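Peer 1: Starting off with a structure, shown below.
There are 2 protein chains.
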Amino acid sequence: MFSKEVYVKRREELKKLVNSGIVLLLGNGEAPLNYSGNTYSFRQDSSFLYFVGLDTPDLAYILDIDNNKEYLIGDELTIDDIIWMGNLPSLKDRAAEVGIQSVVPTSELTNLLKGNRTVHYLKPYRYRNQMMIAELLNKNNREQVVNEYSIELTKAVIKLRLIKSPEEILELEDAGRIGYAMHITAMKMCQPGVSEREIAGMIEGVAISAGNRVSFATILSMNGQTLHNHDHSGILAPGRLMLTDAGAENVNYYASDFTRTTPVGGNYTQKQKEIHNIVLQALNESVAMACPGIKYKAVHRNAYKVIFEGLRAIGLVKGDTEEALNAGVPGLFMPHGLGHAMGLDVHDMEDLGETFVGYDEDTQRDTMFGYRSLRFGKQLEPGHVLTVEPGIYFVPQLIQKWEAEGINSEFINYNKVKEYLDFGGIRLEDDILITDTGCRFVYNKRLPITPEEIENAVKG
Amino acid sequence: MFSKEVYVKRREELKKLVNSGIVLLLGNGEAPLNYSGNTYSFRQDSSFLYFVGLDTPDLAYILDIDNNKEYLIGDELTIDDIIWMGNLPSLKDRAAEVGIQSVVPTSELTNLLKGNRTVHYLKPYRYRNQMMIAELLNKNNREQVVNEYSIELTKAVIKLRLIKSPEEILELEDAGRIGYAMHITAMKMCQPGVSEREIAGMIEGVAISAGNRVSFATILSMNGQTLHNHDHSGILAPGRLMLTDAGAENVNYYASDFTRTTPVGGNYTQKQKEIHNIVLQALNESVAMACPGIKYKAVHRNAYKVIFEGLRAIGLVKGDTEEALNAGVPGLFMPHGLGHAMGLDVHDMEDLGETFVGYDEDTQRDTMFGYRSLRFGKQLEPGHVLTVEPGIYFVPQLIQKWEAEGINSEFINYNKVKEYLDFGGIRLEDDILITDTGCRFVYNKRLPITPEEIENAVKG
Numbered sequence: 072m073f074s075k076e077v078y079v080k081r082r083e084e085l086k087k088l089v090n091s092g093i094v095l096l097l098g099n100g101e102a103p104l105n106y107s108g109n110t111y112s113f114r115q116d117s118s119f120l121y122f123v124g125l126d127t128p129d130l131a132y133i134l135d136i137d138n139n140k141e142y143l144i145g146d147e148l149t150i151d152d153i154i155w156m157g158n159l160p161s162l163k164d165r166a167a168e169v170g171i172q173s174v175v176p177t178s179e180l181t182n183l184l185k186g187n188r189t190v191h192y193l194k195p196y197r198y199r200n201q202m203m204i205a206e207l208l209n210k211n212n213r214e215q216v217v218n219e220y221s222i223e224l225t226k227a228v229i230k231l232r233l234i235k236s237p238e239e240i241l242e243l244e245d246a247g248r249i250g251y252a253m254h255i256t257a258m259k260m261c262q263p264g265v266s267e268r269e270i271a272g273m274i275e276g277v278a279i280s281a282g283n284r285v286s287f288a289t290i291l292s293m294n295g296q297t298l299h300n301h302d303h304s305g306i307l308a309p310g311r312l313m314l315t316d317a318g319a320e321n322v323n324y325y326a327s328d329f330t331r332t333t334p335v336g337g338n339y340t341q342k343q344k345e346i347h348n349i350v351l352q353a354l355n356e357s358v359a360m361a362c363p364g365i366k367y368k369a370v371h372r373n374a375y376k377v378i379f380e381g382l383r384a385i386g387l388v389k390g391d392t393e394e395a396l397n398a399g400v401p402g403l404f405m406p407h408g409l410g411h412a413m414g415l416d417v418h419d420m421e422d423l424g425e426t427f428v429g430y431d432e433d434t435q436r437d438t439m440f441g442y443r444s445l446r447f448g449k450q451l452e453p454g455h456v457l458t459v460e461p462g463i464y465f466v467p468q469l470i471q472k473w474e475a476e477g478i479n480s481e482f483i484n485y486n487k488v489k490e491y492l493d494f495g496g497i498r499l500e501d502d503i504l505i506t507d508t509g510c511r512f513v514y515n516k517r518l519p520i521t522p523e524e525i526e527n528a529v530k531g
Numbered sequence: 072m073f074s075k076e077v078y079v080k081r082r083e084e085l086k087k088l089v090n091s092g093i094v095l096l097l098g099n100g101e102a103p104l105n106y107s108g109n110t111y112s113f114r115q116d117s118s119f120l121y122f123v124g125l126d127t128p129d130l131a132y133i134l135d136i137d138n139n140k141e142y143l144i145g146d147e148l149t150i151d152d153i154i155w156m157g158n159l160p161s162l163k164d165r166a167a168e169v170g171i172q173s174v175v176p177t178s179e180l181t182n183l184l185k186g187n188r189t190v191h192y193l194k195p196y197r198y199r200n201q202m203m204i205a206e207l208l209n210k211n212n213r214e215q216v217v218n219e220y221s222i223e224l225t226k227a228v229i230k231l232r233l234i235k236s237p238e239e240i241l242e243l244e245d246a247g248r249i250g251y252a253m254h255i256t257a258m259k260m261c262q263p264g265v266s267e268r269e270i271a272g273m274i275e276g277v278a279i280s281a282g283n284r285v286s287f288a289t290i291l292s293m294n295g296q297t298l299h300n301h302d303h304s305g306i307l308a309p310g311r312l313m314l315t316d317a318g319a320e321n322v323n324y325y326a327s328d329f330t331r332t333t334p335v336g337g338n339y340t341q342k343q344k345e346i347h348n349i350v351l352q353a354l355n356e357s358v359a360m361a362c363p364g365i366k367y368k369a370v371h372r373n374a375y376k377v378i379f380e381g382l383r384a385i386g387l388v389k390g391d392t393e394e395a396l397n398a399g400v401p402g403l404f405m406p407h408g409l410g411h412a413m414g415l416d417v418h419d420m421e422d423l424g425e426t427f428v429g430y431d432e433d434t435q436r437d438t439m440f441g442y443r444s445l446r447f448g449k450q451l452e453p454g455h456v457l458t459v460e461p462g463i464y465f466v467p468q469l470i471q472k473w474e475a476e477g478i479n480s481e482f483i484n485y486n487k488v489k490e491y492l493d494f495g496g497i498r499l500e501d502d503i504l505i506t507d508t509g510c511r512f513v514y515n516k517r518l519p520i521t522p523e524e525i526e527n528a529v530k531g
């Protein structure tokens, strides 16, 4: 938690950005695992954390802009609670720590929203909060709830949260430190015969030991070409690559997100090293390019350029670079975007709408396969925090589909590409902060990334 | 997952127990963490697992008893899914593996429930499933949804799930094996200066490495007297005790649940050893006593007896045992129950109603403080799996309350008790299986439990 002044200032800025009406921020409740009393580890809503800072369940916050009043809504502990949970600070004291004077019990929440007033709320992603909004604001169904959120509030929240302040950057560095430890652990364990599950579990343990949790479900697999892959049933086999995409959420809820691809046992084949170095070049050129004023879309396109030219050098593709980029050729090998904003969420503010976060009037999302998957395309500004995560994958089903449909056959040497059907995939990912003049890595120690560094890390 | 025959048989038995109408079992969906695309690790509903065995999100099962038909409801993967997720078996093939022939897309679920038929459903604990039930069955609100569940179906499910079959016992043993490893790790790390968070994180990593997850949020704290305690912010200090209540969910979703209390650095004080040995005697006598035909209520009462007499021997309480037990004196020191059923849930079937699971016409729940917290009181039968978890705690707020209100002052030497206000608490917990003749530990290796064994485990 930050100092009171931080939260007061954020709410003041929010008040300036939303003209009138009532702002309602719902905190999260507990999320049941297999029965109500056995819950997943509690996670507060990120926007609630940003403006209110309190991380206990069942709270809400109201900013009544018209009357210049604010309220924290929640219930004080009972004597029974104190017997079972020990002496905890009262809600009133906790509210005061973040600069809120009025605490109102939950039973009065409905009253605060009465009358013919505009109530601004953010699109709720949890079923509980969808149900609460429906009840509080008399919405007929879930569809109405998720459609009638406030675009004005959404844009205001994104505007504030997207630029990271110095105290937030310290937290992101801390999350980076934990993510670093996770990946070093994974590299050391990357030996033949070890199970993916065991490594994934151990690095999740590192995250929980030092922070709150993993910032997203760890991807750790020899099948790096399967992009949506949370299976950990494999046993590491010699000659294969282990792709690890993992990060931590630190104690103050900020995220890190790194990817490294490691040869099992620590020795690359020539083929693996060639692909690795193309991806590494795409990453390094992206980092060199990222600076205020440039669009991240352009950085993504340049990464595609590096990948196309790298693959051309080893004979997998052919033809003119610009023509190939316009035709979307690199999408076959890297069907995802170069990166995304990161902060209190690993895909920062994805609940508020990816396009609101990553695009604006000056920068529209592309429609072409590959390009269209870029989550963040707009012009970079100091204080943006982004991932940079190029990759090259050989997705058998996608290659078969493109070849069967004759897609880009003038650029792609399908016979050569099919020699890589058992390759898997390589992704490399770092986290950057846009500075006044360029960018820097969020965490100052970079994970091993050259083939030599990674080989040494595996061999310990 | 078990063999097809297991699931077919379970559903056949269910059909016999529910006379008519339609049984609707909803599987779980993904549970969003901080946005829809970032979810908690998926957990299937336990009753769905028990009867259907499939652990992917967004499934439902219908048993139409009147027409002797059954359906799995869910959607097949699209070509896009296959590109991103790899080749996975079709839902039709997966259904066949558990003996279900008809697979119906989600869009047809409403049709299957049409007409004036009785639809039996279990009380839903997740907001998503509450919303689904409301929509599918035209309930007006959440209250109606949770109140109008089928008692007939609930009792049938409990009847079947409560008696563990041989294949389930193997899974419970496996969960015990993982829980054992978690606790040995915790004991070794129980050194001055180590943070509770670090140890809790590492043992959670052990659970995820070898199984699915922790079976419940780990309690690991020097403040063992705070019963509802998930705070891990302490740094272990010499002279204190670390109470660790933790268990694993294995890959097939079965739970373990053990508690050990360990002196930081590995040396007990005399005072700690005395209390420890009373709790240990209560545990050992309970295990010796548990057998078919006895009520678990009686075992709980005997544990209270051991605790009362043990505390009397060291001067904390006085008076006649039977009178003290009737007056509820031990509740001050052990305000919780002796144990609970365990299976696919760590508190088995708590979603279906604790009283349905643990009590029946022959055994009513007590109303007196302490006794009333016993989750499972009824007569034991072969195949029951239960925790045995006596404890002695010195809860300052509770002691103050009782003394101020003069509760049981004829039995309690409050001045002596107050010498223990900084003691914390000790709980010891093992998991037992009721056999034909008595009971045995579910996992055949018992965690270190005598003071000497625990001291040795800490010192490695």
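Protein chains in written order, with my numbering: chain A, 72 to 531; chain B, 72 to 531. Each residue gets a CB set at the ideal place from its N, CA and C atoms; glycine is no exception. Fair warning: this is a prediction, and the values are worked out from it, not measured in the lab.
Using a Cβ-Cβ cutoff of less than 6 Å, which residues in the same chain neighbour residue 17 (chain A) once the five nearest sequence positions on both sides are dropped?
Peer 2: Chain A is shown from 72 up to 531; residue 17 (chain A) falls before or after that span and cannot be answered.
Peer 1: Please compile the residues from chain B whose C-beta is within a distance smaller than 9 Å of the C-beta of residue 103 (chain A).
Peer 2: Residue mapping note: residue 103 (chain A) aligns to position 32 of the first sequence, counting from 1. Per Cβ cutoff of 9 Å: 102, 196, 197, 198 and 422.
Peer 1: Quick check on the DSSP output: the beta strand (DSSP E) that includes residue 462 (chain A) runs from which residue to which?
Peer 2: Counting from 1 along the first sequence, the entry for residue 462 (chain A) is found at position 391. That run of the beta strand (DSSP E) goes 462-464.
Peer 1: Quick one: list the residues of chain B neighbouring residue 473 (chain A), beta-carbon separation under 9 Å, in chain order.
Peer 2: In the first sequence, the residue the question calls residue 473 (chain A) occupies position 402. None at all; the shortest Cβ gap to chain B is about 10 Å.
Peer 1: Around the Cβ of residue 62 (chain A), are there at least 16 other Cβ atoms within 10 angstroms (buried) or fewer (exposed)?
Peer 2: Lying before the first or after the last residue shown, residue 62 (chain A) is absent from chain A, which here runs from 72 to 531.
Peer 1: Considering just the uninterrupted stretch of the alpha helix (DSSP H) at residue 342 (chain B), what are its terminal residues?
Peer 2: To locate residue 342 (chain B), count along the second sequence from 1; it is residue 271. Start and end: 341-360.
Peer 1: Within its chain, find whatever has a CB closer than 8 Å to the CB of residue 582 (chain A); leave out the 5 residues flanking it on each side and keep chain order.
Peer 2: Any answer about residue 582 (chain A) is impossible in this case: the structure gives chain A only from 72 up to 531.
Peer 1: Within this structure, are the beta carbons of residue 101 (chain A) and residue 113 (chain A) separated by less than 7 Å?
Peer 2: For the purposes of this step, residue 101 (chain A) is taken as residue 30 along the first sequence, with counting starting at 1. For the purposes of this step, residue 113 (chain A) is taken as residue 42 along the first sequence, with counting starting at 1. Contact flag set, yes.
Peer 1: Count the other CB atoms within 10 Å of the CB of residue 138 (chain A); is the residue buried (16 or more) or exposed (fewer)?
Peer 2: Within the first sequence, numbered from 1, the residue matching residue 138 (chain A) stands at position 67. By the neighbour-count rule (16 or more Cβ atoms within 10 Å), residue 138 (chain A) is not buried but exposed.
Peer 1: Return the first residue and the last residue of the beta strand (DSSP E) that residue 496 (chain A) is part of.
Peer 2: Taking the first sequence and counting its residues from 1, the one referred to as residue 496 (chain A) is at position 425. 496-498 is the span of the beta strand (DSSP E), which, as asked, contains residue 496 (chain A).
Peer 1: Expressed to the nearest angstrom, what Euclidean distance is found between the alpha-carbon atoms of residue 481 (chain A) and residue 473 (chain A)?
Peer 2: Sequence index remark: in the first sequence, residue 481 (chain A) carries index 410 (1-based). Sequence index remark: in the first sequence, residue 473 (chain A) carries index 402 (1-based). For residue 481 (chain A) and residue 473 (chain A), the distance between alpha carbons rounds to 12 Å.
Peer 1: On the criterion of 16 or more Cβ atoms from any shown chain inside 10 Å, does residue 299 (chain B) qualify as buried, or is it exposed?
Peer 2: As a first step, residue 299 (chain B) is located in the second sequence; it is residue number 228 there, counting from the start. Per the 10 Å Cβ criterion, exposed.
Peer 1: Counting along the chain, where does the beta strand (DSSP E) carrying residue 313 (chain A) start and finish?
Peer 2: Within the first sequence, numbered from 1, the residue matching residue 313 (chain A) stands at position 242. Where residue 313 (chain A) is concerned, the enclosing beta strand (DSSP E) stretches over 312-317.
Peer 1: Using Cβ-Cβ distances below 9 Å, what residues of the segment 156-172 of chain A are close to chain B?
Peer 2: 156, 157 and 158
Peer 1: Applying the 10 Å Cβ sphere with the 16-neighbour rule, what's the burial state of residue 180 (chain A)?
Peer 2: Residue 180 (chain A) sits at position 109 when you count from the first residue of the first sequence. By the neighbour-count rule (16 or more Cβ atoms within 10 Å), residue 180 (chain A) is buried.
Peer 1: Is the shortest distance between the beta-carbon of residue 109 (chain B) and the beta-carbons of chain A less than 7 Å?
Peer 2: Counted from its first residue, the second sequence places residue 109 (chain B) at position 38. Yes, residue 109 (chain B) lies at the interface with chain A (some Cβ there is under 7 Å from its Cβ).
Peer 1: Taking C-alpha atoms, which residue in A:494, A:439 and A:236 lies nearest to residue 464 (chain A)?
Peer 2: For the purposes of this step, residue 464 (chain A) is taken as residue 393 along the first sequence, with counting starting at 1. Nearest option by C-alpha distance: A:494.
Peer 1: Cα-Cα, which of A:135, A:164 and A:140 is closest to residue 146 (chain A)?
Peer 2: Residue numbering aside, residue 146 (chain A) sits at position 75 when the first sequence is read from its first letter. The shortest C-alpha to C-alpha distance from residue 146 (chain A) to any of A:135, A:164 and A:140 is the one to A:164.
Peer 1: So with CB distances below 8 Å, who are the chain B contacts of residue 418 (chain A)?
Peer 2: Taking the first sequence and counting its residues from 1, the one referred to as residue 418 (chain A) is at position 347. Within 8 Å Cβ-Cβ: 106, 108 and 109.
Peer 1: Could you check what DSSP says for residue 506 (chain A) in three-state terms: helix, strand or coil?
Peer 2: Here residue 506 (chain A) is taken as the residue at index 435 of the first sequence, counted from 1. Correct three-state label for residue 506 (chain A): coil.
Peer 1: Using a threshold of 7 Å, state whether the C-beta atoms of residue 352 (chain B) and residue 377 (chain B) are closer than that.
Peer 2: Counted from its first residue, the second sequence places residue 352 (chain B) at position 281. Counted from its first residue, the second sequence places residue 377 (chain B) at position 306. Their beta carbons are under 7 Å apart, which means residue 352 (chain B) touches residue 377 (chain B) by this criterion.
Peer 1: Of all the options A:133, A:366 and A:135, which has the alpha carbon lying nearest to the alpha carbon of residue 434 (chain A)?
Peer 2: Reading the first sequence from its first residue, position 363 is the one you call residue 434 (chain A). Taking only the C-alpha atoms, the option nearest residue 434 (chain A) is A:366.
Peer 1: With H, G and I counted as helix, E and B as strand and the rest as coil, what does DSSP make of residue 117 (chain B)?
Peer 2: In the second sequence, the residue the question calls residue 117 (chain B) occupies position 46. Correct three-state label for residue 117 (chain B): helix.
Peer 1: Is the beta carbon of residue 314 (chain B) sitting closer than 7 Å to the one on residue 498 (chain B)?
Peer 2: Along the second sequence, read from residue 1 onward, the residue named residue 314 (chain B) stands at position 243. Along the second sequence, read from residue 1 onward, the residue named residue 498 (chain B) stands at position 427. Closer than 7 Å, so yes.
Peer 1: Can you have a look at residue 127 (chain A) and say buried or exposed, based on whether 16 or more other CB atoms are within 10 angstroms of its CB?
Peer 2: Counted from its first residue, the first sequence places residue 127 (chain A) at position 56. With fewer than 16 Cβ atoms within 10 Å of its Cβ, residue 127 (chain A) is classed as exposed.
Peer 1: Apart from the five residues just before and just after residue 124 (chain B), which ones in its own chain have a Cβ nearer than 6 Å to its Cβ?
Peer 2: The residue labelled residue 124 (chain B) in the question sits at position 53 within the second sequence. Once the five neighbours on either side are set aside, the close Cβ partners of residue 124 (chain B) are 72, 78 and 169.
Peer 1: Could you tell me the distance, in whole angstroms, from the CA atom of residue 191 (chain B) to the CA atom of residue 110 (chain B)?
Peer 2: Looking up residue 191 (chain B) in the second sequence gives position 120. Looking up residue 110 (chain B) in the second sequence gives position 39. So the alpha carbons of these two residues sit roughly 29 Å apart.
Peer 1: Give the secondary structure of residue 191 (chain A) by DSSP, where H, G and I count as helix, E and B as strand, and everything else as coil.
Peer 2: In the first sequence, counting from the first residue as 1, residue 191 (chain A) sits at position 120. Of the three classes helix, strand and coil, the one that applies to residue 191 (chain A) here is strand, per DSSP.
Peer 1: Is it the case that the Cβ atoms of residue 309 (chain A) and residue 336 (chain A) are separated by a distance below 7 Å?
Peer 2: In the first sequence, the residue the question calls residue 309 (chain A) occupies position 238. In the first sequence, the residue the question calls residue 336 (chain A) occupies position 265. Yes; because the gap between Cβ atoms is below 7 Å, this pair is in contact.
Peer 1: Establish whether the CB of residue 279 (chain A) and some CB of chain B are separated by less than 7 Å.
Peer 2: The sequence position of residue 279 (chain A) within the first sequence is 208, counting from 1. Interface residue, yes.
Peer 1: Ends of the alpha helix (DSSP H) at residue 430 (chain A)?
Peer 2: Within the first sequence, residue 430 (chain A) is the residue found at index 359, counting from 1. Run containing residue 430 (chain A): none; DSSP gives neither H nor E here.
Peer 1: Can you tell me whether residue 237 (chain B) is helix, strand or coil according to DSSP?
Peer 2: To locate residue 237 (chain B), count along the second sequence from 1; it is residue 166. DSSP, reduced to helix, strand and coil, places residue 237 (chain B) within a helical segment of the structure shown.
Peer 1: Under a CB-based cut-off of 7 Å, is residue 202 (chain A) close to chain B?
Peer 2: Sequence index remark: in the first sequence, residue 202 (chain A) carries index 131 (1-based). Cβ-Cβ to chain B under 7 Å: yes for residue 202 (chain A).
Peer 1: Could you work out which residue in B:531, B:483, B:218 and B:469 is closest to residue 390 (chain B) when comparing CA atoms only?
Peer 2: Here the question's residue 390 (chain B) lines up with position 319 in the second sequence. Of the candidates B:531, B:483, B:218 and B:469, the one whose C-alpha sits nearest the C-alpha of residue 390 (chain B) is B:483.
Peer 1: So which of B:91, B:349 and B:503 has the shortest CA-CA distance to residue 382 (chain B)?
Peer 2: As a first step, residue 382 (chain B) must be located in the second sequence, where it is residue number 311. If we check each option's Cα against that of residue 382 (chain B), B:349 comes out closest.
Peer 1: Give the range of the beta strand (DSSP E) segment to which residue 135 (chain A) is assigned.
Peer 2: Counting from 1 along the first sequence, the entry for residue 135 (chain A) is found at position 64. Where residue 135 (chain A) is concerned, the enclosing beta strand (DSSP E) stretches over 131-135.
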